[in-house]
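Residue numbers (my numbering), protein chains in the order written: chain A, 1 to 268; chain B, 1 to 268.
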């Protein structure tokens, strides 16, 4: 089911600036037994991302009602898009209302409870551009992710890791990257590229409770191969262990289950 | 009037990847008395841009028929969008057909024959990221242009000039930049950022016939202030002279009319 500006619909105006310019932001969230997971985090991140683009963020209570309406009582994945709405030709932002799209889809196989907790990853050839004005924001300009994901078809490869144009790690095409080393949680600096996901934010918030120091680092892929454990995370898959990177078998130090448990605790 | 995949429509599927990821390309072209200007150039550029994204480019003859259908017999601006179509959730490119959208709009006031040939411009604060994989391509990831255009509301300012993150000029938010100096046509290097427009390509093709050497340069804004004449161009406005940049009055050496005339000559 799908709602466009609160009304059941499957289409949007072809003049929408979300299509014309990618002028908008989105969220992907998991719903279990009709309950959107981490709603407060998603609503806060949506508001922050809208603010980054000077978009008027829809009322979170109204959005939650729409999420509930499309999700029903079962398990699903909800995607939420906010665009700057329909505008005249040209880049100048219009004054009109934003467009909001709320759609539900079945949980994909890789997001189901029985999916493997260990995954294989590759390092992508594409280098992310550095744009501090858009870094961290989950906006609709995702061609870099599309090009990176098109680099492989091997279904055994679950994720591709991305570096910026200085060769420093940023994250995965659809996940955030983290690794444990010397008892510390480390994750790439994303001040110039990448998407700062809600799952990663929750892990960083949980770390102090677990007594784990956390920090942002600028490291090339080769520098993390001696980590105690490399992981990825997002709102759909939780925490997964990177068991192989470019064919290199990586160590398992038991961190994944511990961090994954922390991710699903009540962190409000 | 608008055609979506050849059928009259005003909407597209809300799951289209053009909306989800900006996964597509576009063209803006001028139609005069029912005749699309520079069609061969636009069709060639569309094919090149589709190839850059590994998109299947629609047949140019079929597209031209659709352009003619939406344009009718008068003057208008036609926008043509090609996206990777509707896909499942996730960045991996689907195998299905592309989406093509052809829409006509009235010529805006600044594109009408009587519009001023001299314009005022400003230098934008936003710095363009450098992404060689996407440079030159007129793709649907245009948030940088949106953010740059949002920097001013003064209707006297017609265009904003953009630099990359090394401070070197790239072009305008909706136009290409060129300047004449020592009898040479110069335009910013766009190998890492910007859109390589059809109007600029035509001018570069016309230059040898006019006996004008042309070259790409990496220059900061301050370095072009001593040019004989600074201009911008695109398919809608032709060549306009930049008469003021950030309040500085710039010289008029009579190049604009000459280059504009060359632009509209038969260059096939």
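Beta carbons are placed, not taken as given, at the ideal position from N, Cα and C, and that holds for glycine.
Source: prediction; values computed, not measured.
| Check | Outcome |
| --- | --- |
| Return the first residue and the last residue of the alpha helix (DSSP H) that residue 39 of chain B is part of. | 39–52 |
| Taking DSSP's pairing of strands, which residues face residue 231 of chain B in a bridge? | B:178, B:241 |
| For a minimum of 3 consecutive residues, which ranges assigned as the beta strand (DSSP E) are wholly contained in the stretch 56–135 of chain A? | 76–83, 99–105, 118–128 |
| If we define contact as Cβ-Cβ less than 8 angstroms, is residue 23 of chain B a contact residue for chain A? | yes |
| Less than 7 angstroms between C-beta atoms, sequence neighbours within five positions excluded: which residues of the same chain meet that for residue 39 of chain B? | 64 |
| Are the stretch 189–198 of chain B and the stretch 117–133 of chain B in contact at 8 angstroms, needing three or more beta carbon pairs? | yes |
| With the cut-off set at 8 angstroms, would you say residue 235 of chain A and residue 201 of chain A are in Cβ contact? | no |
| Determine, for residue 94 of chain A, whether the minimum Cβ-Cβ distance to residues of chain B falls below 8 angstroms. | no |
| Comparing alpha-carbon positions, which option in A:180, A:119, A:206 lies nearest residue 172 of chain A? | A:119 |
| Chain A partners of residue 141 of chain B, CB-CB under 7 angstroms? | 22, 141, 143 |
| So residue 85 of chain A packs on residue 16 of chain A, CB below 8 angstroms; how close in whole Å? | 7 angstroms |
| Short check: CB of residue 167 of chain A to CB of residue 121 of chain A, under 8 angstroms? | no |
| Are three or more beta carbon pairs between the stretch 138–155 of chain B and the stretch 139–148 of chain A nearer than 8 angstroms? | yes |
| Taking the beta carbon of residue 33 of chain A as the centre, do at least 16 other beta carbons fall within 10 Å, making it buried, or is it exposed? | exposed |
| Below 8 angstroms between beta carbons: does that hold for residue 82 of chain B and residue 25 of chain B? | yes |
| Mind checking if residue 27 of chain B is an interface residue toward chain A, Cβ cutoff 8 angstroms exclusive? | no |
| So, is the C-beta of residue 244 of chain A closer than 8 angstroms to a C-beta in chain B? | no |
| Can you tell me the Cα-Cα spacing of residue 271 of chain B and residue 220 of chain B, whole angstroms? | With chain B represented from 1 up to 268, any question about residue 271 of chain B goes unanswered, as that position is not in the structure. |
| What in chain A is Cβ-close to residue 253 of chain B, meaning under 8 angstroms? | Within 8 angstroms Cβ-Cβ: nothing; residue 253 of chain B doesn't reach chain A, min ~29 angstroms. |
| Only counting the same chain, and skipping five residues up and downstream in sequence, which positions put a Cβ closer than 6 angstroms to that of residue 244 of chain B? | 120 |
| Once the 5 residues before and after residue 239 of chain A are set aside, which same chain residues still bring their CB inside 7 angstroms of it? | 231, 233, 256, 259, 260, 263 |
| When the cut-off is 8 angstroms and only beta carbons count, does residue 113 of chain B lie next to chain A? | no |
| Give a single yes or no on whether residue 180 of chain B has its beta carbon closer than 7 angstroms to a heavy atom of the ligand MG. | Although the ligand MG was asked about, the structure shown includes no ligands whatsoever. |
| Let me know the secondary structure DSSP gives residue 18 of chain B once reduced to three states. | helix |
| Going by C-alpha to C-alpha distance, which of B:14, B:223, B:10, B:204 sits closest to residue 105 of chain B? | B:10 |
| With residue 31 of chain B as the anchor, note down where its beta strand (DSSP E) starts and where it stops. | 24–32 |
| Could you tell me whether the Cβ of residue 156 of chain B comes closer than 8 angstroms to any Cβ of chain A? | no |
| Which residues of chain B have a Cβ atom closer than 7 angstroms to the Cβ of residue 133 of chain A, listed in chain order? | 126, 147 |
| Residues of chain A with a CB under 9 angstroms from the CB of residue 12 of chain B: which are they? | 11, 12, 13, 14, 16, 19 |
| Could you list which residues in chain A have their beta carbon closer than 7 angstroms to that of residue 130 of chain B, in chain order? | 129, 165 |
| Counting only the same chain and skipping the five closest in sequence on each side, list residues whose C-beta sits under 8 angstroms from that of residue 54 of chain B. | 93 |
| Which residue comes first and which comes last in the alpha helix (DSSP H) that contains residue 146 of chain B? | 143–149 |
| So if DSSP puts residue 8 of chain B in a beta bridge, which residue, or which two residues, is it bridged to? | B:3 |
| Under a three-way DSSP split, which group does residue 262 of chain A fall into? | helix |
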